[in-house]
Every structure is written in structure tokens, then in C-alpha cells.
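Heads up: the sequence shown at position 216 corresponds to 688 in the numbering used here, and the numbers run straight through without jumps.
Note that CB positions come from ideal geometry on N, CA and C, so glycine has one too.
This structure is a prediction, so every number in the text was calculated from the model and none was measured.
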Amino acid sequence: MTERPFTAFLVAGEESGDHLGARLMEAMKERLGDNIRFAGVGGSRMEALGLKSLFPMHEIAYHGVTAIIANLHRIVAKQQNTARAVTAANPDVLVVIDCPGFNLGVARRVRKWAPTIPIVQYVSPTVWVWRPGRAPWMAGFIDHLLAILPFEEQVHERLGGPTCTYVGHPLTQRLDRLRPGPGERRPLSDGEKPVFVVLPGSRHGEIKRLMEPFGETVANIVAEHGPMEVLLPAVPRFADEIRARTAEWRVKPTIVVGEDEKYAAFRRASLALAASGTVTLELALSGVPMVVAYKVDFIVKPFKQQLSRINSIVLPNLITGTNEIPEFLDGEATPRNLTTALGRLLGDTPERQAQISAFGRLDALMALESGTPSGLAADIVIETARKGPTAIRSKKRRSGGQAQRRLETGT
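This is the structure:
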């Protein structure tokens, strides 16, 4: 009798999740050989490895509260259809990758409709910034959470979240693409124009809110400190929008499109102005001093006080336990403030050296004892499938306020 293949049902909702899913699939294939089958939702990378997506991944890639509310009926319908497909497939394990607004709804339904299917969440929601009450809620249906930031294990333990393991950040597998080679990054003192990288975001809402203040900041910094080579990396789907919006800038940037071009710009960059997000960690690992800004969706503004309860929303600051990277949120993200902060990074200044020193500690702080992030993730997914469900639906939950206080006090 032929042994039933191991079946993994994976759900990714955006490009970063497609990257993670593809690496996870490769690592699982290395461990299980031909005795594995994949189903679910993914992008081009996951499909190239054998996953036949239930529907195009972009159909669930809604970002920001406004977009989610406007498309809520579509999101709920997709969640129900996806959960039904999982229960019909009866896989050995369900792995939901990032995209918590969609994926947690799928996972919760699957646990209710098919409680024997083990569920792994790959990438933690940002409970350390926003809505900490999600952590104990997830503990009722997520059997194992794979964290990609080293402080998240402790956060979930404090908040009463699901079993959580730090598996390493996927960027640590791309360091050769981020680190400059000999002669790629010229020192500021060599008389050449500094290379200034501007990153207004990779989502429509971020771009819409930050393009105007970033454009004014670019003009101001050039006026005050002299000519610079201004590079603006853009993701392909927003390249045309970026070109249209920068047409109104007084100082026109060179727009580069795609990941390879972005990393090439980072390897040359002297300083950066960036929207808060994963890109700040990419810049830090590349050794680029930066200033960070963020403007929240207008619907979220009444709840912004939650953000003031943590010291920083910038990933390198959180990982290193410092506040060396200046960050400006909402009304503070003015061209005047951004220009002043960037000016302090030009030259051999204490502010510039403090950032570079903090960046030098990231490798050790993010390192795994052995193996790779995708390999460790694959090992845990397979082991979770073999152990079966362990999350307890009746687990006592803490309120969001109680959970947040525990996060702040460490109790």
C-alpha cells in the first residue's frame, strides 16, 4: 500500500509572504523529498514550486484599516472559502504566513470546523505595537507561532500568546546582497556627491501620505547641504504612481524598480529617509544611517495612543534596545523635522556613528544557534504536524489593556 504523502496547506497574502512560503516549501522538500504535496494560496514563487493557488494572491492583499473596511465582505467571503478548502483537503498541517488580517480569520474557522488540523502561524502580528489582546486570542487556535524578530518570543510569553519560537529573519539569508563590496559605498569625505535613498513605502496608503513631506525634505536637504544623488527604489506595481508624484518634486530623484536595484542602491547609499517597516531593517543590515517617518490611516488616529506606550516602532531600534534612529510620527513628520535630523547624519557626526555602532550589533542579536530561518521553520512545521493540535480554545484571555501593561512592565 502506498504511503499517503505529507500534505501542507499554505496561505500567503502578499509578496513577502510568497518569499517566505517559497523558502519554507524548499526546506520542507529537502526534508521530506518526494513525499510531500502542497495546496493553498500563494504567489509566483510558491506556484513555481508546485503550489496551485486557489485564487490570485493579490485578491486578499488589503492594507490599512480603510481598505479592509471597504472590502470587508470580499475578505470574509475569501476567508470562508479558504477555510472550507482547508477542511476539505484535510492536510497534515495548515501554515498561515503573515497577513494576519486575513489569515487569522482563516485559522480560527479551521480550528472550529476541523479541530484536528494543526495550525502554524509564520510571522507574528505586531502585538508589541498594536492590539496586544490578539496574542491571548491567538493562543486559542494557533498551535505554534514562528517569530522572525528575536524579542517576540518574550512578548508572547508575557502577553499569554501561543507557543512561540524565534526562527530567524529571512533577511539574514540575504546579507550578501545587502552588504557593500569593495568600493561600492564611498565615504562622505571623498568629495563625491552623497547617495541619498528615499523610501516612501511599498503600499498605496503609505505612499499617498508620505510623498509630499518626503519631496519637500529632499529639496530642503539638497538646498542646505549641496547636491546629492537621490535614488528612490519603487516596487513594480507602484512605479507609475511614484513617477507621477515625483514629477512635482523640486529635486527629481532617479527611480529604480525591483529588489535587485533596491539592494544595489542600498550598497551605495550614504543616508536614507524611510517609511517605518521592514525596509528599516534592510537599511540597518546594509549599514545605512537613516531617519524614519510614518503617518497612520485617519481611521486609526483615535487609537494612536497605543503607539506611545512603546519606546519605538522602528525595527532596528527595537532589536538593539536603543533609540539611535530618529523617528517622526504623524504631525511630527514635517519637512523641517526630517531635514534637521538628516542633516545630523551628514559628516562624521556622533549621531551617524551611534547608528553605525548599533547596526554592528544586529548580526549577533538576530543570529540562530545553528541552521537557517527556513530550515528551522520547516522543522517546527513538520514536528507540529506530527504532534497534532495543542492550542487550547478555552485558554484564559487577558484584556488588551492588561496585556499591554504586562508588556511595558515585564511582569
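- The count of Cβ pairs closer than 8 angstroms, one atom from the region 572-592 and one from the region 605-625, reaches three, so the stretches are in contact.
- With fewer than 16 neighbouring CB atoms inside 10 Å of its own CB, I541 falls in the exposed class.
- DSSP places R509 within a strand segment (E or B) once states are collapsed to three.
- Bridge pairing for P705: V728 [DSSP].
- Between the region 803-818 and the region 596-613, the count of Cβ pairs shorter than 8 angstroms is below three; the stretches do not touch.
- Residue burial is scored here from C-beta neighbours: T588 has fewer than 16 other C-beta atoms within 10 angstroms and is therefore classed as exposed.
- Restricting attention to V568, K524, N543, R581, the CA atom closest to the CA of Q552 is found in R581.
- Residue environment analysis places L544 among the exposed positions, since fewer than 16 neighbouring C-beta atoms fall within 10 angstroms of its C-beta.
- The straight-line gap separating the alpha-carbon atoms of N562 and S516 is approximately 24 angstroms.
- Annotated three-state conformation of V853 is helix, per DSSP.
- Counted as a single uninterrupted DSSP element, the beta strand (DSSP E) harbouring F481 occupies residues 478-484.
- Just measuring C-alpha positions, the residue of E804, V786, G640 sitting nearest I852 is G640.
- In the DSSP assignment, Q626 falls within the unbroken alpha helix (DSSP H) covering 624-631.
- In this structure the region 562-571 touches the region 484-496; the number of beta carbon pairs closer than 8 angstroms is three or more.
- By the Cβ-count criterion, F527 is exposed, with fewer than 16 other Cβ atoms from all chains shown falling within 10 Å of its own Cβ.
- Note on the region 540-578: whole alpha helix (DSSP H) runs with a minimum of 4 residues are 544-561, in chain order.
- Per DSSP, the beta-bridge partners of E799 are V764.
- Take E531, set aside five residues on each side of it, and the residues of its chain with a beta-carbon closer than 7 angstroms to its own are K550, in chain order.
- In this structure, V667 sits away from A746, with a CB-CB distance that is not shorter than 9 angstroms.
- In this structure, V707 sits near S674, with a CB-CB distance shorter than 9 angstroms.
- Taking C-beta separations shorter than 6 angstroms and ignoring five residues to either side along the sequence, the partners of H697 in its chain run L818, following chain order.
- When only Cα atoms are considered, A520 and V558 end up about 21 angstroms apart.
- Each residue's CA atom was taken as its position, placing V627 and W602 some 12 angstroms apart.
- In the DSSP assignment, the residues bridged to S525 are G512.
- Going by C-alpha positions, A765 is about 45 angstroms away from G505.
- Counting the other Cβ atoms within 10 Å of the Cβ of K767 gives 16 or more, which makes it buried.
- DSSP places F668 outside any alpha helix (DSSP H); the residue lies instead in the beta strand (DSSP E), whose first and last residues are 667-671.
- Between the alpha carbons of P845 and P642 lies a distance of about 6 angstroms.
- Taking the C-beta atoms as reference points, G577 is found nearer than 9 angstroms to A555.
- Collapsing the DSSP output to three states places V592 in a strand.
- Take the alpha-carbon of A826 and the one of A839: they are about 21 angstroms apart.
- For the set E754, E731, A849, E684, the Cα lying nearest the Cα of A716 is the one of E684.
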